[in-house]
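When we follow full-length UniProt numbering, the leftmost residue of the sequence shown carries the number 1, and every step to the right adds one.
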Amino acid sequence: MHTFFIAPTSFGVGLTSVSLGLVRALDNVGLRVAFCKPIAQQHATDSGPERSTLLIHQVMGLTPSDPITLERVEDLLGDHKRDILMEQIVGLFQKSADDADVVIVEGLVPTRQAPYVTRLNADIAKTLGAEVILVSASNEDSLDMVADKLEIVSDSFGGVSKKRVLGYIINKMSQEAFSQHSPGAPHEIVKLDAFRNKPLMPIGYIPWDDSLASPRTKDVAQLLNARVLNEGDIAQRRVTSRVLCARTAANITHLLKPGALIITPGDRDDIILAASLASLNGVPLAGLLLTNGIMPADSIMDLCRKAVQSSGLPVMLIETNSYNTATKLDRMNNEVPVDDVDRIERVMDSVASCINAEWLKERCGHNTEPRLSPPAFRYQLVQKAHNAHKRIVLPEGNEPRTIQAAAICHQRGIAQCILLGKPQEIQTVAEGCGLILPDDLVIMDPDVVRGRYIEPMVELRKNKGLNAPMAESQLEDNVVLGTMMLALDEVDGLVSGAVHTTANTIRPAFQLIKTRPDTQIVSSIFFMLLPDQVLVYGDCAVNPDPTAEELADIAIQSAESAAAFGIPPRVAMISYSTGTSGSGVDVEKVRKATELARSKRPELLIDGPLQYDAAAIESVARSKAPNSPVAGRATVFIFPDLNTGNTTYKAVQRSADVISVGPMLQGLRKPVNDLSRGALVDDIVYTIALTAVQAEQSHH
């Protein structure tokens with residue numbers, strides 16, 4: 001087990017954000033990460049548990065030990081009982097670090113009230129045998145001044161020359177300084193000039209990002225103790241800009257943008273009407289903040305009520321005037337509230353993307369089988385898609401969630417998306433969502449291109465009696481049109497289903513793409529994102545009652561899919577009986593399927609029949625299937641029929657509150673994937689990424 005101690009050079013470096021981001025970064029590269037904050041250092045605004053410990057539990061599902069209070073620490077130090085304090089810290093650390101490959105230990109921040117903490121940090125790091133990573137920030141200092149601070153603080157830990165201090169992370173960098181020192185991926189980061197000839201490694205540079213400092217409208221309302229007149233989406237909307245209204249409505253309309261908080265006296269009817277109208281037109285303003293304690297006239301409230309309620313616009317009233325309100329907002333604490341999980345996740349992902357985690361992983365000398373947590377699975381999925389450079393067609397091109405997902409995929413380099421739909425209509429929907437579409441996002445008008453697919457479609461389906469008028473009629477459906485683009489290799493994959501049924505999405509693929517030559521069947525899998533690992537379930541969506549031969553095919557397909565997404569395949573063929581203990585037609589089918597799969601792919605770890613508990617739990621496996629290479633540690637679960645598979649996946653998903661990604665179709669010559677009609681934007685993004693990775697696999 002390896003330990004990294006994270007110590008700040010001064011107050012305000014963003015220590016908690018960096019520590020949590022490091023946990024996410026190391027988790028992303030497949031390490032078992034634990035977290036420990038030995039001593040609680042509560043902020044003035046904190047009233048509950050210690051912030052870092054609570055956040056890491058909420059977001060990562062880890063259970064670090066409760067830290068020692070600062071008061072208790074000061075009592076022990078005052079009584080010259082430093083050794084007792086260190087023993088207690090070792091006990092906390094060992095409880096938190098159980099079964100981990102690497103532990104992130106978050107140190108204390110030096111303040112006026114606690115100037116002694118730099119020495120205390122050094123003692124803790126030494127006691128735990130940890131390598132020290134220093135965190136500094138360059139928001140107000142030049143990089144030369146940052147280097148001086150790093151040098152001074154590293155001396156407190158024994159200095160750079162003794163190699164107690166491993167490296168440094170600089171937070172809150174300007175974009176200019178960031179681009180100079182981090183020209184590409186995190187492993188390309190450049191040392192500060194001051195450390196060119198010293199063994200102090202740059203581990204990450206993190207740029208300042210305004211969007212990560214955006215509070216929710218709810219946080220603003222709590223800060224100002226506002227009276228909420230209309231709640232709307234107060235818990236979801238974020239304040240990215242503030243508009244203090246002194247001018248007339250005509251002069252501020254260009255500022256009515258997504259995320260704008262409109263601050264105006266309650267008697268400015270023109271501003272209230274303009275904000276309501278903007279909301280009705282689909283602009284998601286952060287909120288309308290009425291000052292001076294003035295309630296708008298009843299006639300204005302009645303006029304705006306429908307617009308405000310239907311658009312989810314939060315409306316709040318406060319007693320202070322506009323100027324004093326703006327001043328108070330300027331001084332708002334930038335720290336992430338402990339209940340703002342969405343923002344915490346984004347901060348962690350942002351920090352993790354700038355950390356050279358692969359170098360730290362090598363430093364840990366880790367060579368056991370990587371564990372794939374849900375965030376690590378999603379991270380690696382996006383990385384694989386990014387490296388694949390695939391084109392994915394989205395037939396539901398005018399659907400708002402699909403447009404947002406396509407824009408995100410382009411920004412993150414996940415795939416090149418092609419939206420099918422009227423360009424002007426798509427542009428209008430995008431503007432309503434507050435989106436600026438990337439220049440390289442392709443929008444294809446079906447009416448313009450449809451004609452060129454009629455002849456190839458007739459050729460593909462001529463043995464089914466398809467003629468040109470029939471083909472033209474079928475191509476009116478954008479899913480069919482997109483499937484033809486895939487059949488002709490103009491795109492690498494297709495994702496649909498946000499507004500279409502599963503049959504609508506899959507039927508054209510069966511007809512035009514067809515199955516791979518090495519398989520008889522198209523099947524599906526779900527990736528089940530359990531708290532500490534990712535499992536594969538198949539087939540839970542397509543085949544009602546597969547034969548033994550088809551079940552063997554499903555097992556092999558699912559094992560290949562698991563391996564393609566970084567999950568070491570150990571395949572359990574599930575039944576109501578384990579080994580030779582039971583008999584019956586259903587058990588015999590599973591037994592035969594296991595034998596067929598083994599004979600086709602002898603190198604795969606496949607075993608069955610196995611009951612679910614014998615496949616999943618080591619203690620059960622020891623008694624029920626002691627000699628099985630799969631039992632107790634299965635990663636791929638193959639169910640005997642759709643009834644069992646669909647019921648099990650839904651039961652686990654709903655009862656254990658597990659996120660599932662899928663269904664992902666397998667067995668087609670080219671990838672087509674179906675969305676749930678309730679899919680969120682993130683679900684669509686990850687399905688596009690899945691499809692891109694599948695396209696890369698089918699290409700090989």
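Glycine included, C-beta positions come from ideal geometry on N, C-alpha and C. These figures come from a predicted structure and were not determined experimentally.
- Counting other Cβ atoms within 10 Å of its Cβ, Glu74 stays below 16 and is therefore classed as exposed.
- Taking all protein chains shown into account, Val341 has fewer than 16 neighbouring C-beta atoms within 10 Å of its C-beta and is therefore exposed.
- By the criterion of at least three beta-carbon pairs nearer than 8 Å, the segment 475–484 is in contact with the segment 454–465.
- 9 Å or more divides the Cβ of Val109 from the Cβ of Phe4.
- Excluding residues up to 5 positions away in sequence, Pro671 lie with their Cβ nearer than 6 Å to the Cβ of Gln694 in the same chain.
- In this structure Ser660 is buried. Its beta-carbon is surrounded by 16 or more other beta-carbon atoms within 10 angstroms.
- As the crow flies, the alpha-carbon of Gln404 is around 14 Å from that of Pro284.
- Ala34 is classed as buried because its beta carbon has at least 16 other beta carbons within 10 Å across all chains shown.
- Non-local beta-carbon contacts of Ser583 in its own chain, meaning distances under 8 Å to residues more than five positions away in sequence, involve Ser577 in chain order.
- Take Val117, set aside five residues on each side of it, and the residues of its chain with a beta-carbon closer than 6 Å to its own are Leu108, Pro110, in chain order.
- Fully enclosed beta strand (DSSP E) runs of no fewer than 3 residues occupy 493–496 of the segment 449–528, in order along the chain.
- Judged by their CB atoms, Ala7 and Leu143 are not nearer to each other than the 9 Å cut-off.
- Inside the segment 362–449, DSSP marks whole alpha helix (DSSP H) runs of 4 or more residues at positions 374–388, 400–411, 423–432, 446–449, from first to last along the chain.
- In the three-state reduction of the DSSP assignment, Gln42 falls in the coil class, being assigned neither a helical nor a strand state.
- Sequence-distant partners of Leu85 (beyond 5 residues in either direction) whose C-beta falls short of 8 Å from its own C-beta, in its chain, are Ile68, Val73, Leu76, Leu77.
- Gly434 and Leu256 have their C-alpha atoms spaced approximately 11 Å apart.
- Lys257 carries a coil assignment under DSSP once its states are collapsed to helix, strand and coil.
- By the CB criterion at 9 Å, Val571 and Asp607 fall inside the cutoff.
- For the 9 Å CB-CB criterion, Cys417 and Leu394 form a contact.
- In this structure, Ile294 sits away from Val495, with a CB-CB distance that is not shorter than 9 Å.
- Our two residues, Glu335 and Ile521, have alpha carbons roughly 53 Å apart in a direct line.
- With respect to the C-alpha of Gln236, the residue from Gly91, Asn543, Arg343 having the closest C-alpha is Arg343.
- Secondary structure note for Arg591: its alpha helix (DSSP H) is the uninterrupted segment 585–600.
- The C-alpha of Gln88 lies about 10 Å from the C-alpha of Ile39.
- The alpha-carbon of Cys409 is positioned some 32 Å away from that of Ala471.
- The count of Cβ pairs closer than 8 Å, one atom from the segment 358–365 and one from the segment 265–272, stays below three, leaving the stretches out of contact.
- When DSSP states are grouped into helix, strand and coil, Asn643 belongs to the helix group.
- When DSSP reads this structure, Arg216 sits in a beta bridge with Arg238.
- The segment 540–560 makes contact with the segment 633–651; the number of CB pairs closer than 8 Å reaches 3 or more.
- The beta-bridge partner set that DSSP reports for Cys36 consists of Val105.
- Rounded to the nearest whole angstrom, the CA to CA distance from Lys37 to Phe178 is 29 Å.
- In the three-state scheme derived from DSSP, where H, G and I count as helix and E and B as strand, Pro207 is classed as strand.
- For Leu289 against Met316, the beta-carbon gap comes to about 5 Å, under 8 Å, which counts as contact.
- Pro609 is the residue among Glu618, Ile617, Thr644, Pro609 whose C-alpha sits nearest the C-alpha of Arg591.
- Distance from the Cα of Leu665 is smallest, within the candidate group Ile203, Arg516, Asp155, for Arg516.
- In this structure, Glu188 is the residue among Glu188, Met301, Asp99, Leu303 with its C-alpha nearest to the C-alpha of Cys354.
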